[in-house]
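Asker: Protein chains in written order, with my numbering: chain X, -9 to 257; chain Z, 10 to 363.
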Amino acid sequence: MRGSPAFALAAWLALALLLSFLALPIVAIFVDVPPADLVAALGEPAALDALRLSLIATAIALAIILLVGTPAAYLLATRSFRGRSLATTLVELPLVLPPAVAGIGLLAALGPEGLVGGALGDAGIELVFQTAGVIVALVFVASPFYVRQAQAAFASVDPDVLAASRTLGAGELRTLLAVAIPAARPGLVSGAALAWGRALGEFGATLVFAGSLQGVTQTAPLAIVARFGADFTGALALSGVLVALSAAILLGVRYASGPQALGHARA
Amino acid sequence: MLELELEASRGELEVALSLSAASDRCLALVGPSGAGKTTVLRVAAGLFRPDRGRVTCAGETWLDTAAGIDVPPRSRRCGYVFQDYALFGHLSARDNVAYPLRGLPRAERRERAGALLARFGIAHRASARPRELSGGERQRVAVARALALEPRVLLLDEPLSALDARSRARAGRELAATLREIRVPAILVTHDFEEAAMLADEVAIVDGGRIVQRDEPGRLAGAPASSFVADFTGASVLHGEAEPEPGGLTLVRLEGGGSIRSTDEGEGTVAATVLPWEVSIEPPGWSGEGSALNAVEARVSTVTTIGNRARVGLEAPQPLAAEVTAGSAERLGLAPGVPVVATWKATATRLVPI
């Protein structure tokens, strides 16, 4: 950029504009209403229920995503097999799917009248209007964020390092646990953080598939929307908590895996 | 004894070769990059499955594509030293070496790993991560880790090429000592004939996925089967004891008799190397003009004409190769059995400590 002061100035202005545009709503959440009112609004049972449900549901969803997504991403990254690119595309599909469409799709598949919902019902598993349904919606919407990142992280591990583990007497499972996961850790952590952040903010698919029942399926984002017509202060208070949580996740990840970990993970 | 035959296509390259390496012998595969050398190691270790192939080690079948046998890498116990060492970046040097020792009590693993690190002179680096180690230290950790497995075969893929010139000489010496100690077949892959000649008992020249010629390194340089082999097999390697001389030159007393001089510095056991095209051939009884010129009495063992040049294998206390024009080979009447004097300059003699 040396030698072109006009361009440098324009670029700096663009960055400043972007940052203030992104920061303004977040700042507004905290300054629009006196802090004391915010804290008081959080004391309501409905708000606490929503927060607790959000934490529990996202934690379980994240655990499922890690448990299933890690070996799946490892396979996609380290093996070439017929249909691999199709599988990769399928994994990423929920990223571009409108959340409401995801909810409709889940209903059509797993709802009482759905494709496999009848069989689930016979087995005594009900998802619609249940906390389990919330978790299903979160996993569906958030898993691509983790799997995509994990696949990239595993793919950037030196294949010779994995081969070395095999020649040194380790099986596939030990190679994954003792070598591949530690080597890919920064990418896995940042992928997990992105997935968790996405799950924490999930709204559309949950509303359509699981509904908005306080204490059962009403997560924090649903509670915010449910009350913002009648109780703007309460909505703001919950929003503040979500902002703080998301920021904490982001900072935690940065701290845990170094400044380069977010966005572009390299093992 | 390791025996291996394979047919595989890798991209453009068709690899088709068979080889064997006896216990406590080191076979070097030498050739340009992309010749299929590493494929051989990967097939031996079970990391790559060829279209057709058979691998047996000490009577045990590891791979037989016809019979559907393919023992997984973890059960073959191949000590594999990868080209860039492939150390585990999140583990300390000690834990890298202890990795194959799973199943032993923790204290014993630490002790054995520590003993191996000490054997390679890097016990003080035991807690360092690979990225904190120098190239030479990483190489030693990789070899120690492969030996910790108590391997039945040792596979070395360009073990010295990642090192700078100085650590390379030292690592080469250590590797030679290690290869003498272990009692298992070893296969060394390198693109450097001199390295192969120093470390291996036998050299197979690989080009385009095939073994072009296989022999002891000294004989290979003397009687190359093709111009490719002639170009690839560079220096003759002569072993001896070096001591500095008053005149500033280094005198090397050769094993088996005779002595030569070099402008390189050196002391103790060394390998002296000279390129065939630096060596000229004179009639018997010829004596050079002073210490700057080496003269070794020899007998012609082979004459191989390649176009307008002739590679002359010489039988001296240690085998030697010379390259002269086809014309002068004829003029000198070079033929097997003819006594000659091989001569080359002290400045053309490189010394490598062993």
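Glycine included, each C-beta is placed from N, C-alpha and C at the ideal position.
#1: When we look at the beta-carbon of Trp186 of chain X and count the other beta-carbons within 10 Å, is it buried (16 or more) or exposed?
#2: Gly98 of chain Z CB to nearest chain X CB: under 8 Å?
#3: If distances are taken between C-alpha atoms only, which option among X:Phe11, X:Glu116, X:Ala153 and X:Leu45 comes closest to Ala99 of chain X?
#4: Between Thr358 of chain Z and Ile269 of chain Z, which are expected to be in contact by the criterion C-beta below 8 Å, what is the C-beta distance as a whole number of angstroms?
#5: Kindly say whether Asp237 of chain Z, judged by its beta-carbon, lies nearer than 8 Å to any beta-carbon of chain X.
#6: For Glu254 of chain Z and Thr356 of chain Z, I'd like the C-alpha separation in whole angstroms.
#7: Kindly indicate which residue of Z:Ser29, Z:Gly20, Z:Gly98 and Z:Ala17 has the alpha-carbon position closest to the one of Arg195 of chain Z.
#8: If you count every other CB in all the chains shown that lies within 10 Å of the CB of Ser18 of chain Z, and 16 or more means buried, which is it?
#9: Using a Cβ cut-off of 8 Å, pull out every chain X residue sitting near Cys87 of chain Z, in sequence order please.
#10: Is the beta carbon of Gly275 of chain Z less than 8 Å from the beta carbon of Leu360 of chain Z?
#11: How many Å lie between Gly93 of chain X and Gln204 of chain X at the Cα?
#12: Please report the distance separating the alpha-carbon of His254 of chain X from that of Gly177 of chain X.
#13: When you compare the CB of Pro82 of chain Z with every CB in chain X, is at least one pair closer than 8 Å?
#14: Can you tell me which residues form a DSSP beta bridge with Tyr89 of chain Z?
#15: Alpha carbon to alpha carbon, what distance is there between Thr223 of chain X and Thr209 of chain X?
#16: I want to verify the contact list: residues of chain Z whose CB lies under 7 Å from the CB of Pro172 of chain X, in sequence order.
#17: Cβ closer than 9 Å: which chain Z residues qualify as neighbours of Gly161 of chain X?
#18: Under the three-state reduction of DSSP, which class applies to Ala143 of chain X: helix, strand or coil?
#19: On the three-state DSSP scale, how would you describe Trp295 of chain Z?
#20: Relative to the alpha-carbon of Val14 of chain X, which residue among X:Phe144, X:Val233 and X:Ile54 has its alpha-carbon at the smallest distance?
#21: If you compare alpha carbons, which of X:Asp221, X:Phe135 and X:Phe119 is closest to Ala183 of chain X?
#22: Mind checking if Ala140 of chain X is an interface residue toward chain Z, Cβ cutoff 8 Å exclusive?
#23: According to DSSP, which residues form a beta bridge with His248 of chain Z?
#24: Which residue comes first and which comes last in the alpha helix (DSSP H) that contains Trp2 of chain X?
#25: Does any CB atom of chain X fall closer than 8 Å to the CB of Phe91 of chain Z?
#26: Would you list the one or two residues that DSSP bridges to Asn317 of chain Z?
#27: Does the segment 164 to 174 of chain Z touch the segment 121 to 141 of chain Z, meaning 3 or more C-beta pairs lie closer than 8 Å?
#28: Below 8 Å between beta carbons: does that hold for Leu110 of chain Z and Ala122 of chain Z?
#29: Given the structure, does Glu120 of chain Z come close to the ligand HEM, in the sense that its CB is under 7 Å from one of the ligand's heavy atoms?
#30: Does Ile125 of chain X pass the burial test, meaning 16 or more other C-beta atoms within 10 Å, or should it be called exposed?
#31: Have a look at Pro149 of chain X and Val23 of chain X and give me their C-alpha separation to the nearest angstrom.
#32: When the Cα atoms are used, what is the spatial distance from Leu163 of chain Z to Gly88 of chain Z?
#33: If the cut is a Cβ gap below 7 Å, which residues of chain A does Leu158 of chain Z touch?
#34: Can you tell which of Z:Arg51, Z:Ala304, Z:Pro348 and Z:Ala331 has its C-alpha closest to the C-alpha of Thr314 of chain Z?
#35: Using the beta-carbon count (16 or more within 10 Å), is Leu126 of chain Z buried or exposed?
#36: Suppose contacts are defined by Cβ-Cβ distances below 8 Å. Is Val151 of chain X in contact with Ala174 of chain X by that definition?
Answerer: With the given structure in hand:
#1: Stepping through the first sequence from its first residue, residue 186 of chain X is reached at position 196. It counts as buried.
#2: Against the second sequence, residue 98 of chain Z aligns to sequence position 89. With 8 Å as the cut-off, Gly98 of chain Z counts as an interface residue toward chain X.
#3: Numbered from its first residue, the first sequence carries residue 99 of chain X at position 109. With respect to the C-alpha of Ala99 of chain X, the residue from X:Phe11, X:Glu116, X:Ala153 and X:Leu45 having the closest C-alpha is X:Glu116.
#4: Along the second sequence, read from residue 1 onward, the residue named residue 358 of chain Z stands at position 349. Along the second sequence, read from residue 1 onward, the residue named residue 269 of chain Z stands at position 260. Confirmed, about 6 Å.
#5: Looking up residue 237 of chain Z in the second sequence gives position 228. In the sequence as presented, Asp is not what sits at residue 237 of chain Z; that position holds Phe. No, Phe237 of chain Z does not count as interfacial toward chain X.
#6: Taking the first residue of the second sequence as 1, we reach residue 254 of chain Z at position 245. Taking the first residue of the second sequence as 1, we reach residue 356 of chain Z at position 347. So the alpha carbons of these two residues sit roughly 15 Å apart.
#7: The residue you call residue 195 of chain Z lines up with position 186 of the second sequence. Here residue 195 of chain Z is Ala; the residue named in the question, Arg, does not match the sequence. Distance check between Ala195 of chain Z and each of Z:Ser29, Z:Gly20, Z:Gly98 and Z:Ala17 places Z:Ser29 closest, using alpha-carbon atoms only.
#8: Within the second sequence, the letter at position 9 stands for residue 18 of chain Z. Burial call: exposed.
#9: Translated into positions along the second sequence, residue 87 of chain Z becomes position 78. The contacting residues are Thr157.
#10: By 1-based counting over the second sequence, the position of residue 275 of chain Z is 266. By 1-based counting over the second sequence, the position of residue 360 of chain Z is 351. Yes; because the gap between Cβ atoms is below 8 Å, this pair is in contact.
#11: Your numbering for residue 93 of chain X matches position 103 in the first sequence. Your numbering for residue 204 of chain X matches position 214 in the first sequence. So the alpha carbons of these two residues sit roughly 19 Å apart.
#12: Locating residue 254 of chain X in the first sequence gives position 264, where the first residue counts as 1. Locating residue 177 of chain X in the first sequence gives position 187, where the first residue counts as 1. Only weak support is given to the placement of His254 of chain X: the predicted model assigns it a pLDDT of 43, under 50, and the question is left unresolved by the model.
#13: One-based indexing of the second sequence puts residue 82 of chain Z at position 73. By this cut-off, Pro82 of chain Z is an interface position.
#14: Reading the second sequence from its first residue, position 80 is the one you call residue 89 of chain Z. BP columns for Tyr89 of chain Z point to Z:Leu164.
#15: Numbered from 1 along the first sequence, position 219 holds the residue referred to as residue 209 of chain X. Numbered from 1 along the first sequence, position 233 holds the residue referred to as residue 223 of chain X. Using only the alpha carbons, I get a separation of about 18 Å.
#16: For the purposes of this step, residue 172 of chain X is identified with residue 182 of the first sequence, where counting begins at 1. Going along chain Z in sequence order, the residues near Pro172 of chain X (Cβ under 7 Å) are His99.
#17: Within the first sequence, numbered from 1, the residue matching residue 161 of chain X stands at position 171. Chain Z residues near Gly161 of chain X: Pro81 and Arg83.
#18: Along the first sequence, one-based indexing puts residue 143 of chain X at 153. Three-state DSSP puts Ala143 of chain X in a helix.
#19: To locate residue 295 of chain Z, count along the second sequence from 1; it is residue 286. Reduced to three states, the DSSP call for Trp295 of chain Z is coil.
#20: Numbered from 1 along the first sequence, position 24 holds the residue referred to as residue 14 of chain X. Correcting the residue type first, residue 14 of chain X is Leu in the shown sequence and not Val. Residue X:Val233 is the option with its Cα nearest to Leu14 of chain X.
#21: Locating residue 183 of chain X in the first sequence gives position 193, counting from the first residue. Measuring from the Cα of Ala183 of chain X, the nearest candidate turns out to be X:Phe135.
#22: Along the first sequence, one-based indexing puts residue 140 of chain X at 150. Cβ-Cβ to chain Z under 8 Å: no for Ala140 of chain X.
#23: Locating residue 248 of chain Z in the second sequence gives position 239, counting from the first residue. The secondary-structure analysis by DSSP pairs His248 of chain Z across a beta bridge with Z:Ala280.
#24: As a first step, residue 2 of chain X is located in the first sequence; it is residue number 12 there, counting from the start. Run containing Trp2 of chain X: Pro(-5) to Val21, per the alpha helix (DSSP H) assignment.
#25: As a first step, residue 91 of chain Z is located in the second sequence; it is residue number 82 there, counting from the start. For Phe91 of chain Z, the closest Cβ of chain X is nearer than 8 Å.
#26: For the purposes of this step, residue 317 of chain Z is taken as the residue at position 308 of the second sequence. Answer is none; Asn317 of chain Z lacks a bridge partner.
#27: no
#28: If you number the second sequence from 1, residue 110 of chain Z lands on position 101. If you number the second sequence from 1, residue 122 of chain Z lands on position 113. Against a cut-off of 8 Å, the Cβ pair of Ala122 of chain Z and Leu110 of chain Z comes out as a contact.
#29: Annotation note on the ligand HEM: not contained in the displayed structure, which lists no ligands.
#30: Position 135 of the first sequence, counted from the start, is the residue given in the question as residue 125 of chain X. Taking a 10 Å sphere around the C-beta of Ile125 of chain X, we find 16 or more other C-beta atoms and assign the residue as buried.
#31: Position 159 of the first sequence, counting from 1, holds the residue named residue 149 of chain X. Position 33 of the first sequence, counting from 1, holds the residue named residue 23 of chain X. Distance between the alpha carbons of Pro149 of chain X and Val23 of chain X is about 55 Å.
#32: Within the second sequence, numbered from 1, the residue matching residue 163 of chain Z stands at position 154. Within the second sequence, numbered from 1, the residue matching residue 88 of chain Z stands at position 79. When rounded, the distance between both Cα atoms is 5 Å.
#33: Although the question refers to chain A, the structure presented lacks it and instead comprises the protein chains X and Z.
#34: One-based indexing of the second sequence puts residue 314 of chain Z at position 305. Nearest option by C-alpha distance: Z:Ala331.
#35: In the second sequence, residue 126 of chain Z corresponds to position 117, counting from 1. Classification for Leu126 of chain Z: buried.
#36: As a first step, residue 151 of chain X must be located in the first sequence, where it is residue number 161. As a first step, residue 174 of chain X must be located in the first sequence, where it is residue number 184. Contact: no.
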